[in-house]
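Notes to accompany the following structure.
Residue numbers (the numbering used here): 6 to 307.
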């Protein structure tokens, strides 16, 4: 049976929060339903964009439950269960399995303790023993601590349910190398929004991204154009997307989460608050921010 379980566009879901930190499931479900109607294939829940490691387990369980309820029969849910404390990660993995999520994903427990290859393999094998769901490991430039090629090669042979990699390194030669494992039967998911087309060109089956939330239509069209062989059309869409991303980066204070949430707020979703210590977008700058997006060609305001 093929390990390629996920293809298409998967927004990395932001977590709607109230001022006191409660998860607003109603807003989350509305956002997901609207995006599913625009052609996305599912969601990556409680990852970095979802502020997952800043939330306590009950908050993370709430947003995972909301995603499963919103997507049932319409899209797939990949729940990020990585946590600094491994027992928390295992608890969240058990929960995601029990509510009917479609897959598990996880970063390593902490960037403060670089892990050996053996420790990384052992961690993912422990997750794999906790669930029968597919597992997608995480390859990034911070805290990986090992050779992803070797790690994934071992996990593909030493487990039955580790199926692929969410690769955010923007090193497309290394992504290509991963895709050569297991005769190509490995689920590769592109991370960087600004180079989705690069990832698809080098073998990625899907994309997960923060800015997919505010322009899902463009990302779905880019994916479809690539699949149909319209490379010029796909390149033009990537260019339009990147002009918007440049504005988001220019208006971000280290993290792109607050600008993305502010665009969603301007689009009509209650997305004002962020998890501490992240700061919410300064409302007094909202009009200027919106105008900058419009000037960059962003058409997705009501």
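In this text, a Cβ means the ideal position worked out from N, Cα and C, and glycines have one as well.
Query raised in the report: So what's residue 100 in DSSP terms, helix, strand or just coil?
Result: DSSP places residue 100 in helix when its eight states are reduced to three.
Query raised in the report: For the putative contact between residue 210 and residue 187, defined by C-beta atoms under 8 Å, what is the C-beta separation to the nearest angstrom?
Result: Not confirmed; about 13 Å, so no contact.
Requested in this report: Reducing DSSP to helix, strand and coil, say where residue 217 ends up.
Outcome: If DSSP states are grouped into helix, strand and coil, residue 217 belongs with the helices.
**Report entry** First through last residue of the alpha helix (DSSP H) which encompasses residue 158
**Finding:** For residue 158, the enclosing alpha helix (DSSP H) has its first and last residue at 153–163.
Query raised in the report: Using a Cβ-Cβ cut-off of 7 Å (strictly less than) and excluding sequence neighbours within five positions of residue 250, which residues of its own chain qualify?
Result: The residues are 198, 199, 216.
Query raised in the report: Straight-line CA distance for residue 98 to residue 262?
Result: A straight line joining the alpha-carbon of residue 98 with that of residue 262 spans about 24 Å.
Query raised in the report: Going by alpha carbons, who is nearest to residue 280 out of 117, 57, 219?
Result: Closest option to residue 280, judged by alpha-carbon separation, among 117, 57, 219: 57.
Query raised in the report: With distances taken from CA atoms, which of 134, 185, 70 is nearest residue 157?
Result: Taking only the C-alpha atoms, the option nearest residue 157 is 185.
Query - Sheet register partners of residue 192 (DSSP bridge) - result: Paired residue(s): 169.
Query raised in the report: At which residues does the alpha helix (DSSP H) containing residue 127 begin and terminate?
Result: Residues 122–135.
Query raised in the report: Taking just the CA atoms, how far does residue 21 sit from residue 28?
Result: Residue 28 and residue 21: Cα-Cα distance of roughly 6 Å.
Requested in this report: Look at the alpha carbon of residue 8 and the alpha carbon of residue 141, and state the distance between them as a whole number of angstroms.
Outcome: Answer to the nearest angstrom: the Cα atoms are 10 Å apart.
Report task. Would you mind working out which of 238, 297, 306, 232 sits nearest residue 14, comparing C-alpha positions? Result -> Closest in C-alpha terms to residue 14, from the list 238, 297, 306, 232, comes 232.
Query raised in the report: At which residues does the alpha helix (DSSP H) containing residue 264 begin and terminate?
Result: Counting along the chain, the alpha helix (DSSP H) containing residue 264 begins and ends at 262–271.
Query raised in the report: Got a sec? Which residues, its chain only, sit under 6 Å from residue 256 by beta carbon, not counting five neighbours each side?
Result: So the qualifying residues of the chain are 264, 294.
Report task. Grab me the residues of residue 85's own chain with a C-beta within less than 6 Å of its C-beta, minus the 5 sequence neighbours each way, in chain order. Result -> Around residue 85, the same chain offers 51, 52, 57, 110 as residues with beta carbons nearer than 6 Å, after the five sequence neighbours per side are excluded.
**Report entry** For residue 233, three-class secondary structure by DSSP
**Finding:** Assignment of residue 233 by DSSP, reduced to helix, strand and coil, places it in the helix class.
Query raised in the report: When DSSP labels each residue in this structure, what does residue 45 get in the three-state scheme?
Result: Here residue 45 sits in coil by DSSP.
Query raised in the report: If you draw a straight line from the alpha carbon of residue 72 to that of residue 49, how long is it in whole angstroms?
Result: Straight-line Cα distance between these residues: approximately 9 Å.
Query raised in the report: Do residue 80 and residue 112 have their CB atoms nearer than 8 Å?
Result: No.
Query raised in the report: Taking the DSSP output, what are the residues bridged to residue 16?
Result: Looking at the DSSP output, residue 16 shares a beta bridge with 214.
Requested in this report: Please specify which runs of the alpha helix (DSSP H), each continuous and at least 4 residues long, are wholly inside the region 67–117, giving them in chain order.
Outcome: If you keep only unbroken alpha helix (DSSP H) runs of at least 4 residues inside the region 67–117, you get 91–104.
**Report entry** Beta-bridge pairing of residue 198 - partner residues as DSSP gives them
**Finding:** Residue 198 pairs with nothing; no bridge assigned.
Query - Outcome for residue 189 when other beta-carbon atoms lying within 10 angstroms are tallied against a minimum of 16 - result: With fewer than 16 Cβ atoms within 10 Å of its Cβ, residue 189 is classed as exposed.
Query raised in the report: With distances taken from CA atoms, which of 16, 137, 176, 144 is nearest residue 126?
Result: Selected option, being the one with the closest Cα: 144.
Query raised in the report: Taking DSSP as the reference, what is the three-state secondary structure of residue 177?
Result: Helix.
**Report entry** Buried or exposed (CB count within 10 angstroms, at least 16 for buried), residue 31
**Finding:** Its Cβ having fewer than 16 others within 10 Å, residue 31 is exposed.
Query raised in the report: Are the beta-carbon atoms belonging to residue 35 and residue 274 less than 8 Å from one another?
Result: Contact: yes.
Report task. Compare the C-alpha of residue 45 against each of 253, 17, 108 and name the closest. Result -> When each option's Cα is compared against that of residue 45, the closest is 17.
Query raised in the report: In whole angstroms, what is the alpha-carbon distance linking residue 288 and residue 276?
Result: Going by the C-alpha atoms only, they are around 12 Å apart.
Query raised in the report: Quick one: what's got a C-beta closer than 6 Å to residue 177's C-beta in the same chain, skipping five residues either side?
Result: Non-local beta-carbon contacts of residue 177 in its own chain, meaning distances under 6 Å to residues more than five positions away in sequence, involve 203, 207 in chain order.
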